[in-house]
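Here the structure is laid out as structure tokens; the discussion comes afterwards.
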Amino acid sequence: MPSVSSLAEAAAVLQAASAERGKVRIGSDLDAGGMRAVLEHEAGDLTCTVEAGIRLSALAAALAPLGQRLSLDPPGDPTIGACLADNLSGPLRHRFGAPRDLVLGVTLVLADGTIVNAGGKVVKNVAGYDLGKLVCGSRGRLAFIGRVSLRLHHAPIAAATVVVETTDAASIVAALLGSQLVPSAVDILHPGRVAVLFEGGAAAVAAQVESTKALVGGAEVDASIWDASREQQAVSLGRSWFAPGELGAFLATRAAALVRPAAGIAYLPTPTDVATPTPVLSLEERVRERFDPLEVLS
């Protein structure tokens, strides 16, 4: 099936598959490649509504003239729909969260071809079911994501990175998170380095850099380490989760990892076999059955 260019086309594909008891795999059989428009940009409200097929680079280019950005920086250049469906994030997750923290509303096409809207286009909206957060990480098993309303942030005037070379990353992170510093990103490139990103006004960034050096040492470096961090994330073969308070114990069990300590997630160079708890699997299956009782979405 070709990439669709409208909600109506996606609905027709899924309606036909449902009627014929067929199977559709979103991303390969059905994708939003032809849906790449910025539908609305409410600069005063720091929100926008886009079609799910727009790539992050294209959205960034559209927002930049007004000094705004979507604070989402996963590896590569995925579409907004992929960011939600696969719950993709990057170093900026430390301060700004994952896709579920930035989505305000969605337009979905359900497995039977029904088009539904949920959420809204303003940050304080509380109307309707929060399907936007529900589809984050759903990997195309619940619905086709057609449109997304997103929370934006002002693009920073200045940015600076400090890297601390250390054999005790857990202590460095504890000192940083227990201070008055407000980093946009804190990544551990284990073993040996903790990278800290500060963004904002020039004076504020400079002050935080100096405070960081006084607190934990380190040196200011260029931004290329964030490219290295995303590359390490992109080539990882496994993921693991840990309680943030158990960072030291977790690092002691790993020879190498890219770690986002505030999120409690690590990207590993080797495959992992972390079993999803049975209650979680049961809940996921019940949700899927409600959205797709005929199992159209494979």
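Numbering follows numbering that gives the first Met the number 0, in which position 19 of the sequence shown is assigned residue number 18; successive positions increment by one, without gaps.
Beta carbons: idealized from backbone N, C-alpha and C, even for Gly.
In the three-state DSSP reduction, F290 falls in the helix class (H, G or I). For V204, the enclosing alpha helix (DSSP H) stretches over residues 201-215.
The DSSP-derived three-state label of S235 is coil.
Under the three-state reduction of DSSP output, G43 falls in the helix class. The closest CA to that of G112, considering only V279, A261, L6, L257, is found on L6. Counting the other Cβ atoms within 10 Å of the Cβ of D167 gives fewer than 16, which makes it exposed. Annotated three-state conformation of D100 is helix, per DSSP. Beta-carbon to beta-carbon, L257 and L188 are separated by about 6 angstroms, close enough to satisfy the 8 angstroms threshold.
Separation of L149 and L103 (C-alpha to C-alpha, rounded to the nearest whole angstrom) is 5 angstroms. Burial state of P276 is exposed, judged by a 10 Å Cβ sphere holding fewer than 16 other Cβ atoms. Non-local beta-carbon contacts of R287 in its own chain, meaning distances under 6 angstroms to residues more than five positions away in sequence, involve R140 in chain order. By the neighbour-count definition (other C-beta atoms within 10 Å, threshold 16), T271 is an exposed residue. Straight-line spacing of the CA atoms in A206 and L71 works out to 25 angstroms.
Excluding residues up to 5 positions away in sequence, A84, D85 lie with their Cβ nearer than 8 angstroms to the Cβ of R138 in the same chain.
In the structure shown, the three-state DSSP call for R150 is strand.
With contacts defined by Cβ atoms closer than 7 angstroms, V193 and V163 form a contacting pair. Per the coordinates, the alpha-carbon of H153 lies some 11 angstroms from the alpha-carbon of G43.
Around I114, the same chain offers L6, A10, V108 as residues with beta carbons nearer than 6 angstroms, after the five sequence neighbours per side are excluded.
The criterion of a C-beta distance shorter than 7 angstroms is satisfied by D186 and S228.
Around the C-beta of G217, 16 or more other C-beta atoms lie within 10 Å, and the residue is accordingly described as buried. For E164, the enclosing beta strand (DSSP E) has its first and last residue at 157-164. Annotation for A174: the continuous alpha helix (DSSP H) segment containing it runs 168-176. As the crow flies, the alpha-carbon of S2 is around 24 angstroms from that of S88.
Taking G247 as the centre and dropping the five residues before and after it, the same chain places the C-beta of A169 closer than 6 angstroms to its C-beta, in chain order. A81 and A158 have their C-alpha atoms roughly 27 angstroms apart. V23 sits buried, since 16 or more C-beta atoms from the chains shown fall within 10 Å of its C-beta.
Between L130 and G21, the alpha-carbon positions lie close to 24 angstroms from each other. Per DSSP, the continuous alpha helix (DSSP H) segment holding A10 begins and ends at 6-18. Taking 7 angstroms as the cut-off, the Cβ atoms of P278 and G263 do not count as close. Between S235 and P268 the beta-carbon gap is near 6 angstroms, inside 8 angstroms, which marks them as a contact.
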